[in-house]
Amino acid sequence: MAHNLRLKSLDPSLLSLPPALLFDRLGPLIGTESVIGGLARAHSSFLVPSHDPDMHTTITFTADHAIHPTDKQLEAWVPRLAKTSWAVLSCRMNMGMVKLLEAINETLEHLEADSTSTEPHEIDLLDLESEERTAFPRLKTVAVGGRSLECKLRKQSMQERIAHNHEFEPNSRYGQLWLSWRRSVPIILLSPPFAWDAREAMGLIIESAQVKIVRSIAITEEQPDLDGWIDEDNDEPRRSLECIEATIKAKKITPRIMSSLHKVHKYRVSPGGKEDYSSSAFIFPFTLLWPTNPDIIIRNIYDSETPAFESSTLALAASLATSVTFPTSLAQDNVIIPAFYRLLPKLLFSSARTLTLQKARDTDHPLLQPLLFNLGRIFPSVRSIDMGKAQQLGEGAVVKTIDDLPSLRVVRFARQAILCGPEGFFLPSYLRNCASDGPLLHIKGAFYSSFAVDDGWSLWEGEEEESGAEAPVGKADGGDKNAGSGTREEMSVGTAERRSKEGGSGGIARRIRRISVVFSADYEPEDAEEDGLNPKPLNPRVDREAFGYLFDTCIKAISTLPNLECITLRAHSEFPMGLLHTGGKGAVGRRLSRCGFVAVQTGPCSVELCREGLPVTEGQRLITDYFSRVHSSNEMVD
């Protein structure tokens with residue numbers, strides 16, 4: 010750049026920029042070292058502004074190596090930095106840079122010190138107890154990071170206008186060195202976000218009663234040491250923090266993580282202080298609140314809570330969970346302590362979106378009524394219930410959760426190959442006794458096994474086929490678009506309709522809006538080759554007949570479930586729509602049209618059967634909207 014500035018052909022636009030804009034905006038991009046040490050000597054237009062303290066309210070040093078300012082350079086630079094309030098040091102630290110910071114201690118308000126270097130910092134570790142430490146009376150924010158031993162861990166994140174590019178090495182005393190200078194630093198931002206465990210972070214600031222805000226720490230199983238957190242004179246916690254930002258870093262919360270959270274919450278955050286754990290995402294096992302005898306960690310937390318559970322750590326953790334596993338029965342070793350019932354009115358899983366129902370360990374011991382009372386208040390935001398394999402569940406708990414959750418939209422289950430049995434179904438039997446009142450639902454089922462010709466499908470799990478059910482739809486009417494009303498298919502549908510009116514298929518029938526089924530199909534696709542030469546044709550009796558049973562169940566669902574809008578069928582291999590009927594794709598469409606539905610091939614492996622005339626979502630366009638209208642004369646019209 011210095012060479013280009015000396016060229017006579019240089020465009021004068023850079024030189025014509027106002028000095029404030031040049032130094033405030035371009036200075037951080039090219040660095041203070043380049044401005045003072047390079048540009049000022051390269052062109053006279055930069056010389057005068059480079060000496061003006063008003064042009065250096067922010068200084069920036071960015072390099073992947075150490076910058077070594079000499080004593081002579083410091084002597085020349087320091088007067089120019091008399092008004093510096095913000096310092097950004099993205100370089101390997103050394104004592105020269107330390108002296109530079111000490112020289113601007115009276116005006117410095119914000120310090121960002123970070124480095125991507127893999128080399129050790131060339132600094133002398135100061136005596137943290139020394140009285141000769143430099144004071145920074147106006148320092149408000151300290152953002153400190155450090156080198157990483159492994160460059161592959163580098164990541165980018167913007168936090169408080171600071172770009173942190175790697176992970177901090179907590180075993181170094183880099184952060185302690187910066188904090189050793191402070192006399193009254195109210196805000197500490199640890200870098201990068203959530204790289205510091207609470208044990209190291211709290212140990213770092215334990216002696217600083219002036220620190221009021223700490224951001225970017227992680228709550229893990231590494232439990233903080235309480236030494237120094239309690240006033241030895243009166244045995245009271247030193248709760249000095251007014252604001253803390255942290256995340257719970259775990260897939261599933263454990264008693265040890267709960268204990269770490271409890272220590273930070275109880276011993277460091279002042280009453281009424283702000284705690285932000287919104288970046289957390291973890292699973293909360295509901296039975297964690299029922300500590301068994303050997304598990305004394307949760308019991309100790311219960312014992313330390315107030316009788317009314319004000320500012321309860323257990324309630325705090327519950328509010329942060331994004332997913333909950335919920336039991337459907339009691340086990341013999343589940344001893345619910347009385348304190349849990351006092352906590353229950355305070356429990357609110359406001360962030361949970363998924364509720365996973367656990368298999369009943371003992372179906373002879375259902376959940377007690379107080380545990381099932383007002384589940385809608387405890388889980389107000391749950392949108393999805395996962396029934397697992399939909400086997401060995403406590404029926405009372407299943408019905409209660411599906412009936413009470415106000416935001417519920419999806420119920421899902423999955424059967425593994427070894428558990429599928431001889432037939433598939435759309436609706437698990439546990440749903441039969443659910444109420445008809447409530448939000449409309451999307452039932453999602455997955456079957457991880459292959460269905461062959463002898464396999465049957467039914468709408469409800471365990472439902473017996475009608476007396477004439479030996480022939481599937483496609484075979485009964487032979488694909489004839491004028492098939493008579495005496496086919497087995499229509500008789501089955503009529504029976505289903507009567508059952509629906511009589512309530513035989515369960516009250517939940519009125520709440521089902523969508524059904525999705527994922528399955529494996531055991532057949533040879535049409536383009537399969539035999540001996541690598543000749544195409545192998547489909548065997549209608551072996552291949553299409555099995556899908557006829559599936560289509561028969563779809564027709565039954567359409568006729569039985571009054572609010573059903575769509576059925577999605579998705580196979581693990583190619584699944585053309587024509588397989589659903591021996592008469593092919595045309596017969597599928599004709600049969601569905603009688604029920605007011607249409608079939609759409611949504612992909613090579615998926616088919617959707619949708620109700621005709623569904624309202625279009627606001628802002629959504631039909632595919633025909635993208636084409637010009639065509640008149641009978643076949644002329645395109647704009």
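For the sequence shown, the numbering used here gives the first residue as 10, with consecutive numbering after it.
For every residue, glycine included, the Cβ atom is placed at its ideal position computed from N, Cα and C.
- Secondary structure at H581: coil, using DSSP grouped into helix, strand and coil.
- One thing to note: D206 has its Cβ no nearer than 7 Å to the Cβ of E254.
- In the three-state scheme derived from DSSP, where H, G and I count as helix and E and B as strand, C443 is classed as coil.
- A distance below 7 Å between beta-carbons, with the five flanking residues on each side excluded, links C563 to the following residues of its chain, in chain order: I576, L618.
- Ranked by Cα distance from S582, the first of V344, P62, F528, A596 is F528.
- Here the stretch 315-323 makes no contact with the stretch 286-294; the two share fewer than three CB pairs at distances below 8 Å.
- Per DSSP, R620 is one residue of the beta strand (DSSP E) stretching across 615-620.
- Straight-line spacing of the CA atoms in D371 and S338 works out to 6 Å.
- One Cα belongs to W299, the other to I346, and the distance between them is close to 7 Å.
- Rounded to the nearest whole angstrom, the C-alpha separation of A423 and R523 is 17 Å.
- Secondary structure note for G405: its alpha helix (DSSP H) is the uninterrupted segment 404-413.
- T611 and L329 have their C-alpha atoms some 38 Å from each other.
- Distance between M211 and V151, taken at the CA atoms: about 15 Å.
- In this structure S359 touches S390 by the C-beta definition: roughly 6 Å separates them, less than 8 Å.
- A straight-line Cα-Cα distance of about 9 Å links A444 and I411.
- Exclusion of the five residues before and after E432 leaves D464, G465, W466, S467 as the residues of its chain whose Cβ lies within less than 7 Å of its Cβ.
- With a 10 Å radius around the Cβ and a threshold of 16 neighbouring Cβ atoms, H74 comes out exposed.
- For the pair G454 and V526, the CB atoms are nearer than the 7 Å cut-off.
- Scanning its chain for C-beta atoms nearer than 7 Å, with the 5 sequence neighbours on each side dropped, one finds around H77 the residues N103, G105, in chain order.
- By the beta-carbon neighbour count (other beta carbons within 10 angstroms, threshold 16), L377 is exposed.
- For L450 against D413, the beta-carbon gap comes to about 13 Å, at or over 8 Å, which does not count as contact.
- Residue pairing from DSSP places V607 in a beta bridge opposite C619.
- Note on geometry: alpha-carbon atoms of V273 and L148 lie some 25 Å from one another.
- No Cβ-Cβ contact shorter than 7 Å links K355 with A326.
- With 16 or more other Cβ atoms from the protein chains shown falling within 10 Å of its own Cβ, F606 counts as buried.
- Shown here, A369 sits in coil according to DSSP, grouped into three states, outside any helix or strand.
- DSSP, reduced to helix, strand and coil, places V344 outside both helices and strands of the structure shown, so it counts as coil.
- Judged by DSSP secondary structure, H74 falls within the beta strand (DSSP E) whose first and last residues are 67-75.
- Looking at L381, F560, Y457, K275, the one whose alpha-carbon comes closest to that of G592 is F560.
- Ranked by how close their Cα comes to the Cα of S99, the residues A72, L83, Q82, E84 have A72 in first place.
- The alpha-carbon separation between K594 and L578 amounts to approximately 15 Å.
- The continuous stretches of alpha helix (DSSP H) do not include D395, which lies in the beta strand (DSSP E) extending over residues 393-395.
- About 19 Å separates the CB atoms of T263 and E314; that is not less than 8 Å, and the two are not in contact.
- DSSP places D312 within a helical segment (H, G or I) once states are collapsed to three.
- Nearest Cα to Q401 within the set A369, Q425, R418: A369.
- For E111, there is no enclosing beta strand (DSSP E); the enclosing alpha helix (DSSP H) has its first and last residue at 104-112.
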